[in-house]
Amino acid sequence: MSKACALHILVKTREEAEKLKQQLAKGADFGKLAKQHSLCPSGKKGGDLGEFRKGQMVKAFDDAVFKGPVLEVQGPVKTQFGFHLIKTLYRS
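Numbered by the working numbering, the letters in the sequence shown go through residues 86 to 177 in order.
Here it is as structure tokens:
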């Protein structure tokens, strides 16, 4: 079974996610932005979700982590929770 480790930032609106993505593209620290802006409890840990298996997350999130590029910020990805910026650290 595939496993991955990822960071994410969860916000309410696509616009907010886009603004944060622009800051990340200019070199902002993902962990610091997660602590300041993420609505998910993982924000306190810099957005770190730890390691998880394929199928443990909602489909749109899972697809981004397991099909998208590693070490690049993806998103905004819409789920029932809001809009995510996702950075997959590794997968196996």
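Glycine included, each C-beta is placed from N, C-alpha and C at the ideal position.
- Within 10 angstroms of the beta-carbon of residue 167 lie 16 or more other beta-carbons, which makes it buried.
- The C-beta distance from residue 108 to residue 95 rounds to 16 Å, too long to fall under 8 Å, and the pair is not in contact.
- Just so you know, the alpha carbons of residue 112 and residue 87 end up roughly 30 Å apart.
- Rounded to whole angstroms, the gap between the alpha carbons of residue 116 and residue 147 is 20 Å.
- As a beta-bridge residue in DSSP terms, residue 136 pairs with 90.
- The beta carbon of residue 122 sits closer than 8 Å to those of 94, 96, 101, 105 and 128, all from its chain and outside the five residues before and after it, given in chain order.
- For residue 150, the enclosing alpha helix (DSSP H) covers residues 144 to 152.
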